[in-house]
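One structure is given here, and the rest of the page talks about it.
Number of protein chains: 2
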Amino acid sequence: MSHKLPNLGNNPSSTAAGTTPGSFAKKSHIAPGPEGRWTFASPDTPGMPEPSSKTAWDFLPDGWTTEIVDQEGSSKPGETVFRQSDETLRKVTFPADFKPITQLESARLGIVTPEMKRVAERESHLTAEQVRDEVASGRMVIPANRVHLEHQLDPMCIGRASKTKVNANMGASPVSSGTHEEVEKLKWAEKWGADTVMDLSTGGDLDECRQAIIENSRVPIGTVPIYSMIIGRKLYDLNLDIILDSLRHQAAQGVDYFTIHAGVLQEHLQYVKDRLIGIVSRGGSLLAKWMIDHGEQNPMYTGWEQICEVMREYDVTFSIGDGLRPGGLADATDQAQLAELSTLGELTERAWRKGVQVMIEGPGHVPFDQIEYNMKLERQLCHGAPFYVLGPLVTDIFPGYDHITSCIGATSAAYHGASMLCYVTPKEHLGLPKKDDVKQGCIAYKIAAHSADVALGIPGTRDRDDELTKARAALNWEKHFELSFDPDTARAYHDEDLDVDTDFCAMCGHDWCSVRISKEIVEFASGKDDDYKWDRAKVSAALSEEQKEILAKRGVLSPEEIHKLASKTKNAVGAAEKKASCHSDYTDAETAQQIQNSEIVELKVD
Amino acid sequence: MSHKLPNLGNNPSSTAAGTTPGSFAKKSHIAPGPEGRWTFASPDTPGMPEPSSKTAWDFLPDGWTTEIVDQEGSSKPGETVFRQSDETLRKVTFPADFKPITQLESARLGIVTPEMKRVAERESHLTAEQVRDEVASGRMVIPANRVHLEHQLDPMCIGRASKTKVNANMGASPVSSGTHEEVEKLKWAEKWGADTVMDLSTGGDLDECRQAIIENSRVPIGTVPIYSMIIGRKLYDLNLDIILDSLRHQAAQGVDYFTIHAGVLQEHLQYVKDRLIGIVSRGGSLLAKWMIDHGEQNPMYTGWEQICEVMREYDVTFSIGDGLRPGGLADATDQAQLAELSTLGELTERAWRKGVQVMIEGPGHVPFDQIEYNMKLERQLCHGAPFYVLGPLVTDIFPGYDHITSCIGATSAAYHGASMLCYVTPKEHLGLPKKDDVKQGCIAYKIAAHSADVALGIPGTRDRDDELTKARAALNWEKHFELSFDPDTARAYHDEDLDVDTDFCAMCGHDWCSVRISKEIVEFASGKDDDYKWDRAKVSAALSEEQKEILAKRGVLSPEEIHKLASKTKNAVGAAEKKASCHSDYTDAETAQQIQNSEIVELKVD
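Those protein sequence lines, which keep their order, are chains H and G.
Position in the first sequence (first residue = 1) + 386 = the numbering used here.
Position in the second sequence (first residue = 1) + 386 = the numbering used here.
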């Protein structure tokens, strides 16, 4: 994020602040989890699948037991009792020689890791113990490969108790891009708020690109390892040994999470033939072809426990891929997708038994009305493992604008149950995203994630919105832009029409500014706040290089006009120039009003 | 819309086509209205306000009666019996000398007007009789001033039984724009799918601008007449005579609907003082000031029946303004807003008694979780009069991107009950929209309206999505772009990376194309369809001027690169050039694959 959210304390956000709630009855709520813990959740529309009554505690490794007990016990080898964040005491027994490696394993032993502490710092509404307990329940993951932690990784979490996260995809393809460009996109995605980044390279030097991205990233890195598994060999020759070698290699490089399409089974393929667009997942289609060619089950499914052992060694988190996700509205929520989702639930249980952290990948094209159902079915079948959703797009007919069609679906998905949103850029379906597409995709998804967090009432998330509203009420443009997610764009658009900060804007002009008039009518809470008081009109600073570029790309001003905005000084835009004067370039609001009245239109509101 | 939706028949849209619905349980439904008619509606989340049990039939003028009867009656003066679209017979009695003027009055007499017939043509899932009955119930309006009908107006409807509509605002302000520019924006908004346009001019020659917009528009035109009422006079001097004169003047010009802020009452102002940003409606703030200065009630409220008489004379439709709409998330769904909404319900009843068509304006900033409640409260308090909603924005901190923040809210609003969506452009809060902003605003809102219609299952609305999915499955790029809402942008983005139409795209490249691989695995329904069969790779036509401009504004290619794309021929991009070859500029897919394999990366999937 370009600006850190001001930390203004925990302010529950889903009722109107400073007012009596009146007859407003609907609120999202904090739903107690099956074990007395809590997550943020939307109320269920009638007909939604019930949440699973199980958590990762129900899928412990062989030889483990757990129960809630009344008193703290002895700490003999192979046994621990610890106080959970809901004040209950949990006793866990385990093989005496067991050493925890993954965050899940530590959490099961009641250990608060340094990564959990760091996560709690970043999620100011959570304690480290709550983070631990959410991880132990399987409802939260901390994707942090032990190797990546030795580089620059700043640990973060994904789960329903925490703020919604955004992933940005990048990676070279055989026809476009290279390592240097991808690292540049990585830094750019981090700047624009990506919480994790997936390197989906299928072209160029995959190994080099992956290494460079891991070394340069502060955010967790995910990959889809099947891509590198089949380069240089025939798909037919893929087998479990190659799969395990390849996973081990990438895990040793420091990849934090792997998308593994182990849920696409032979028996699911019959459901694909009636679809309009078959299989659109690359991993899914490759494995489907492999199964047909061999007449055998998906080797990632049959070899799941061996894969889990590689994952555990480095604490790589599963992102169990949805190889049968729908590729268009027509295929959404169909039998292929739902059959696979059920298998993903089974794989989740098996991974938890091996101590590996799990998230589940979710669909990419879903009509708006089906999103809640999809989210709540996952909560049931996969026991609340964090749901990591691509979009979803809510219409298919707007290629070039799919960052928008999908961020609508993403907002609803995050509100109804998704924990991480995989961005979609304007280039989706058309080509590989360029740098500006990465920015547009990130921003659309920060909008989705933030809006959902506000709607869910995650403490503190609406504070920045309220601060900006106060700045707006006070007509304090500088603060307004400072609080904006993309201050340069906001400033550039404002200055395009009116490069002076007055107590009105070019949208309505001085006399028509409702906020200005409203200020005369009543005293606002914020109006009394000296921090937000608008002082006097002043010419904005000349456009920065970045703002200049934004207006240039926008293409509605000529280069000369932009140059003028960029190089302006008080003299250059002053009273001497007729054109400038109608843009209220005077520093004095009264003079601006006077000019407007005399030159443009007569209007007296007082 | 730039392309007419292909009329492919009525295909109910909210289940997966061509598949067994499987365990998918949640569907939006067609809810029978209180009188046995129907509208499209989302299922109610628990706690939502019940729909009103009344319709416009409960608010007939004095001297009228109505009842459902068993047999067709005589047609004596002052009495009519007609068969409704649900097959029931309705008897209506009325003063014998009554002559209907408005669409509502005609509908009450069972008359199907030419405008209703035209609306039924445009809403292929509705009959003219259904349109009439929806208008009679007050759940639908046809904003068609009798004067505007003599120009180029093409009648349309707004209501829950029909497709969701989009309004684009324009109009000069004292600091920006003029008549010519506004007419140009009007044509541009029509091109990009605006269903109605509001002229919100507060600067320039208002009368001339309004006249020009009415004469040039095929879509209904709305205005906020208070703007012109107070130009050239002091707000304090405003009175009912001036109001009526001004309305009569604009009605005679041909304006189709008026926003009138009659719901802001003296007793509501106490609720404003605790808000973060007070009153953000221009009309609302002006009337509030008037009431405080005079110590009197809102003259538009007290003079409502006289205003209705002016409206009726030309069949101008009310858009009853929400002068107390929230200006930030913090103020959403507060007492000020809800108290006014209750008054809007009262004004609706009073307008219906005068035979005038009504829609209700709705809020601009609402957290995502509160949208359904807002929509369903209107359905209760205003008896289902069409809800015309601005956005709403679901977060405040993304100025410069408010077409996106608001189209998220607009999709949810349309799904839960809004009938028309007032667009928001990227310039919202910052300045007056320019031509490109109008386009971006329109497209974001066509996305919202269309996505909601698909989610509601309005027959036929998903057909174009499915056609595009089929074209995508067949890797038929030409059809893909033809079916896109903005073909030039889609084509330009595609050609930016790969200006040849092959059986893959630059996003994944040949070997990684899941759709291509998937085609090898199973036979798709669409794969067998000769209409969609992909034939052979071919170089796309050179970029059009419009596509060239799109890439230029995009700013990620140099002018030289764009020029190359724009002026290319087979020779210019052929094998001779090393750079071009990596972009697969060959017309032959096998050669492209070969180059890719040898030059970029080795991969064999077969």
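Where is the CB? At the ideal position from N, CA and C, for every residue including glycine.
Only a predicted model underlies this, so the values are computations on that prediction, with no experimental measurement involved.
> If you compare alpha carbons, which of Thr466(H), Gly545(H), Phe754(H) and Val605(H) is closest to Gly843(G)?
Replying inline: Phe754(H)
>> Looking at the strands, I want to know which residues DSSP matches up with Tyr643(G).
In response: Gly608(G) and Thr703(G)
> To which residues does DSSP link Asn555(G) through a beta bridge?
Replying inline: Met584(G)
> Helix or strand or just coil, what does DSSP make of Val752(G)?
Replying inline: coil
> Which residues, in order along the segment 714 to 736 of chain H, keep a beta-carbon less than 7 angstroms from a beta-carbon of chain G?
Replying inline: Gly714, Leu715, Ala716, Asp717, Ala718, Thr719, Asp720, Gln721 and Leu724
> Closest to Asp585(H) by CA distance: which of Lys577(H), Ile936(H) and Gln597(H) is it?
Replying inline: Gln597(H)
>> Applying the 10 Å Cβ sphere with the 16-neighbour rule, what's the burial state of Ile599(G)?
In response: buried
> Quick one: any contact between the segment 552 to 572 of chain G and the segment 526 to 533 of chain G, if contact means 3 or more CB pairs under 8 angstroms?
Replying inline: no
> Which full runs of the alpha helix (DSSP H) of 4+ residues lie inside the segment 763 to 834 of chain H, going along the chain?
Replying inline: 788 to 802
> When the Cα atoms are used, what is the spatial distance from Glu695(H) to Lys740(H)?
Replying inline: 7 angstroms
> Is any beta-carbon of chain G found at less than 8 angstroms from that of Ser967(H)?
Replying inline: Confidence at Ser967(H) is low in this model, with a pLDDT of 28, below 50, so the placement of that residue is unreliable and no value is reported for it.
> Applying a beta-carbon distance threshold of less than 9 angstroms, which residues of chain H neighbour Arg596(G)?
Replying inline: Simply none; closest approach about 14 angstroms.
> Checking contacts by CB at 8 angstroms: is Arg739(G) closer than that to chain H?
Replying inline: no
>> Give me the subset of the segment 765 to 785 of chain H whose CB atoms are less than 7 angstroms from a CB atom of chain G, sorted by chain position.
In response: Val780, Thr781, Asp782, Ile783, Phe784 and Pro785
> Does any CB atom of chain H fall closer than 8 angstroms to the CB of Gly564(G)?
Replying inline: no
> At least one CB of chain G closer than 8 angstroms to the CB of Ser904(H): is that the case?
Replying inline: yes
> Nearest-angstrom Cα distance between Ala737(G) and Asp483(G)?
Replying inline: 21 angstroms
> At least one CB of chain H closer than 8 angstroms to the CB of Pro812(G): is that the case?
Replying inline: yes
> Out of curiosity, what's the CA-to-CA distance linking Glu864(H) and Met502(G)?
Replying inline: 51 angstroms
> Along chain G, in chain order, which residues have C-beta atoms closer than 8 angstroms to that of Gly496(H)?
Replying inline: Within chain G, no residue comes near Gly496(H); the closest Cβ sits about 35 angstroms away, beyond 8 angstroms.
> Can the beta-carbon of Lys549(G) be found less than 8 angstroms from the beta-carbon of Glu520(G)?
Replying inline: no
> If you follow the alpha helix (DSSP H) that Phe468(G) is part of, which residue opens it and which one closes it?
Replying inline: No alpha helix (DSSP H) holds Phe468(G); the beta strand (DSSP E) holding it covers Glu465 to Arg469.
>> Quick check: the Cα distance between Asp849(H) and His836(H), rounded to an integer number of angstroms?
In response: 11 angstroms
>> 8 angstroms is my cut-off, CB to CB: does Thr791(H) come that close to chain G?
In response: yes
>> Can you check whether the C-beta of Glu882(G) is within less than 8 angstroms of a C-beta belonging to chain B?
In response: Considering every chain present, this structure includes no chain B. Its protein chains are H and G.
> Under 8 angstroms, do His769(G) and Lys551(G) count as touching if we go by C-beta distance?
Replying inline: no
> Cα separation between Gln721(G) and Gly664(G)?
Replying inline: 12 angstroms
> So what does DSSP say about Arg850(G), is it helix, strand or coil?
Replying inline: helix
> Which residues does DSSP pair with Glu682(G) in a beta bridge?
Replying inline: Per DSSP, none; premise fails for Glu682(G).
> Can you tell which of Pro429(G), Arg698(G) and Leu651(G) has the C-alpha that lies nearest to the C-alpha of Thr688(G)?
Replying inline: Leu651(G)
> What is the DSSP secondary structure of Val527(G), reduced to helix, strand or coil?
Replying inline: strand
> Using the rule of at least 16 other Cβ atoms within 10 Å of the residue's Cβ for burial, across every protein chain shown, is Gln723(H) buried or exposed?
Replying inline: buried
> Between Gln756(G) and Thr791(G), is the Cβ-Cβ spacing less than 8 angstroms?
Replying inline: no
> Listed in chain order, which residues of the segment 638 to 670 of chain H have Cβ atoms closer than 8 angstroms to some Cβ of chain G?
Replying inline: Leu655, Tyr657, Val658, Lys659, Asp660, Arg661, Leu662, Ile663, Gly664, Ile665, Val666, Ser667, Arg668 and Gly670
> If you count every other CB in all the chains shown that lies within 10 Å of the CB of Val455(H), and 16 or more means buried, which is it?
Replying inline: exposed
> Where does Lys462(H) land, buried or exposed, given buried means 16+ other C-beta within 10 angstroms?
Replying inline: exposed
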